[in-house]
Amino acid sequence: MQRLTLFILICCFTSFSQAETEVASVKEQFIPKIYSAPGYTAALNNIEISSKYNGVVTELLVEAGDIVKKDQLLLVIDEVVNKQSIEQVNKEIEIAQVTVTDAKKDVNNFEQLRKVQSISEEKLRKARLLLAHSQSTLLKAKAKLIETKAATPYLRIKSPENARIVKRLIDKGDLATSGSPLLHLEVLDPLVFETTIPVQWVTKLTTGQSINIKLNSIVTGTITQIINSADPITQKCIVKLELASSLNVPTGLFGQAQFVIDKELLLTIPDKALVKRVGITGVFRVD
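Letter 186 of the sequence shown, counting from 1, is numbered 186 in this note's numbering, and no numbers are missing.
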């Protein structure tokens, strides 16, 4: 029995000694030094919708959080007075046009009669003055119509861009006053990632540079703005990176921008040389 046990042990040690061991060399390499800067996604452009005229909000078609298209109707301020004004001006134009037509006929008739001395020069002069006055009245009425219609876009308020409704400051039935804000919008494209970086590393960055950003996944942002004015307390400068328009991410999403600020000469080993044992990661050194 002892001889059998000894034979098995000898076989095991022999097989271990014959097993090939893969050896990896340690190398010195320049490795990028990364500064991880926390930040958040934001809209590059924000829009405040305000009222130009006083009136009651008769229709409110959006809620906070809604996505709206360019030229989509957002709200309507009472149009009754404006519509009545347009109708009134149209009637004034019709009357003025009839007056001008009649005045032209009178002038033509009086000019024929004047040729045969049937009327006085004074009467023809007054007919011409009446025609000129009628034409002036018609022009003023048409100008008034243009001015009255110009108020319509300010009563039927539409979105100037593809945007998200961030805040609604008024409800249906409320009185909108001239200059008062009604809605806050953020333009969907482009979105930016806004962060800060210590002032001593700002010179390492350039506009147009691509930077990896950790959001829900790794995405790439392009530096579009570096504000070279440090906060007096934190001694950091604001950096804005434009995100790809294809990214479907909300504003206010936290993330980290991975800025390469330098390179370090470090000892490196292949990943496959790492060994994990009972929660500890290490390597075996070959003497």
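Don't be surprised by glycine CBs; every beta carbon is placed ideally from N, CA and C.
Keep in mind it's a predicted model, so treat the numbers as computed, not measured.
Per-residue burial, L191 [other beta carbons within 10 Å of its own, 16 or more giving buried]
buried
Assuming L130 and A96 make a contact with CB atoms under 8 Å, what is their CB distance in whole Å?
L130 to A96, Cβ: 12 Å. No contact.
Of all the alpha helix (DSSP H) runs that stay within the bounds of the stretch 139-166, which reach a length of 4 or more residues?
152-155
Quick check: the stretch 146-155 against the stretch 47-57, are there 3 or more CB pairs under 8 Å?
yes
So what does DSSP say about V278, is it helix, strand or coil?
coil
Under a Cβ-count criterion, where at least 16 other Cβ atoms within 10 Å of its own Cβ denotes burial, should I197 be classed as buried or exposed?
buried
Would you call T234 buried or exposed, if buried means 16 or more other Cβ atoms sit within 10 Å of its Cβ?
exposed
Going by beta carbon distance, what residues of the same chain come within less than 7 Å of L265, once the five residues before and after it are set aside?
E28 and F30
E63 to I165, Cα distance in whole Å?
7 Å
Can at least three beta-carbon pairs, one atom from the stretch 197-210 and one from the stretch 244-256, be found at a separation below 8 Å?
no
Pairwise C-alpha distance: Q72 and T281:
58 Å
Run through DSSP, which three-state label would R285 get?
coil
Run the CB neighbour count on T177, radius 10 Å, all protein chains shown included, and call it buried at 16 or more, exposed below.
exposed
Which one of V283, G173, D262 and F254 has the shortest CA to CA distance from L60?
G173
C-alpha gap between K115 and H133, whole angstroms
24 Å
Could you spell out where the beta strand (DSSP E) holding N212 opens and where it closes?
S210 to K214
Nearest CA to the CA of D271: which residue from V283, G279, G39 and D262?
V283
Where does K70 sit, in a helix, a strand or coil, going by DSSP?
coil
Label L74 either buried or exposed according to how many other C-beta atoms from any shown protein chain fall within 10 Å of its C-beta, with 16 as the threshold for buried.
buried
From K83, A127, E147 and V239, pick the residue whose C-alpha is nearest to that of E111; which is it?
A127
Would you decide whether T41 is buried or exposed? Buried here means 16 or more other CB atoms lie within 10 Å of its CB.
buried
Between which two residues does the beta strand (DSSP E) holding T195 run?
L191 to P198
Who pairs with E264 in a beta bridge, going by DSSP?
I31
In the DSSP assignment, the beta strand (DSSP E) including G221 goes from what residue to what residue?
I218 to I226
Cα separation between K214 and G65?
24 Å
Just to confirm, is the Cβ distance from L267 to E194 under 9 Å?
no
Just how far apart, CA to CA, sit S25 and K276?
19 Å
Classify F254: buried if its beta carbon has 16 or more other beta carbons within 10 angstroms, exposed otherwise.
exposed
7 Å Cβ shell around Q18 - same chain, five flanking residues per side excluded:
A caution first: Q18 carries a pLDDT of 43, below 50, which makes its placement in the model too unreliable to give a value.
Assign V62 to one of three DSSP states: helix, strand, or coil.
coil
Alpha carbon to alpha carbon, how far is A141 from E92? Give it in angstroms, no decimals.
6 Å
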